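To start, the structure under review is shown below, and the notes come after it.
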Ligand SMILES: C[S@@+](CC[C@H](N)C(=O)[O-])C[C@H]1O[C@@H](n2cnc3c(N)ncnc32)[C@H](O)[C@@H]1O
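Residue numbers (the UniProt record's numbering): 1 to 223.
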């Protein structure tokens, strides 16, 4: 089945089984994603911010990064979209999440035949940064701002992962007023700039789904 999501919220399409996604024909070779309906945690299904980030990354003319880390990757959607959408690009790409999502991410890597370029790894926010994650020049995060208790953990991981030369792209769906606490916190050390120059901007904006570039201030301040 080749699903064109259009702007139907992803969750209303289907939340379990394997689907072929082309993002309305943006991908010539469909991205295959197995969702478990949330059985392994909320990351086991697709979320609209992940769709936004995937579309944005697929559309990039090139991916000039050497090491890419996706945080809270869930099914691996955005990271795998980069890999499938840019078959010639030369990078190391790690899709990361908590232990309970590893099997789903590994399955999705295999479904897309990306074992050579994409690795699934545990990366628990707030914990010491694993060795493989050091030196990344592109950090991706989709729909990771939703648990208030995890805000300081995510902030710490962003601080640990970034320096002057690191690009952070975060897609975010606004759900709760409390989310503003996360953005207030991180503004001590980062500038948060909304990205608007993509064709689906108005549609996603209507669904309160945004894309931000998060830029480390220099010199870094302590959290
Ligand atoms: C709403 S889901 C988004 C999944 C995926 N990025 C997407 O857009 O479809 C949030 C993800 O963050 C992960 N997550 C939550 N707390 C985390 C933590 N402390 N460390 C690592 N990942 C975490 C969850 O396991 C889940 O996969």
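Each residue gets a CB set at the ideal place from its N, CA and C atoms; glycine is no exception.
Computed from a prediction, not measured in an experiment: that's the story for all the values here.
Considering only the alpha carbon of each residue, which of 172, 133, 134, 40 lies closest to residue 142? 172
Going by the beta-carbon positions, is the gap between residue 186 and residue 133 smaller than 8 Å? no
Please report how far the alpha carbon of residue 3 lies from the alpha carbon of residue 23, in whole angstroms. With a pLDDT of 40 at residue 3, under the threshold of 50, the predicted position of this residue should be treated as unreliable, and no value is reported.
Spatial neighbours of residue 100 within its chain, please: C-beta separation below 7 Å, excluding the five flanking residues on both sides. 40, 41
From residue 225 to residue 17, what distance separates their C-alpha atoms? Here the chain covers residues 1 to 223 and nothing more, so residue 225 does not appear.
Taking the beta carbon of residue 208 as the centre, do at least 16 other beta carbons fall within 10 Å, making it buried, or is it exposed? exposed
When you compare only the Cα positions, how much space is there between residue 213 and residue 74? 21 Å
In angstroms with no decimal places, state the Cα-to-Cα distance between residue 97 and residue 211. Approximately 20 Å between the Cα atoms of the pair.
Tell me which residues share the same chain as residue 181 and place their Cβ nearer than 8 Å to its Cβ, disregarding the 5 neighbours each side in the sequence. 148, 151
Residue environment, residue 61, which counts as buried when at least 16 other CB atoms sit within 10 Å: exposed
Identify which residue in 115, 178, 47, 158 has its Cα closest to the Cα of residue 215. Among 115, 178, 47, 158, the Cα nearest to that of residue 215 is on 158.
Given a threshold of 16 other Cβ atoms within 10 Å of its Cβ, counted over all protein chains shown, does residue 235 qualify as buried or as exposed? Summary: the structure shown does not reach residue 235, with the chain confined to residues 1 through 223, and so no result is reported for it.
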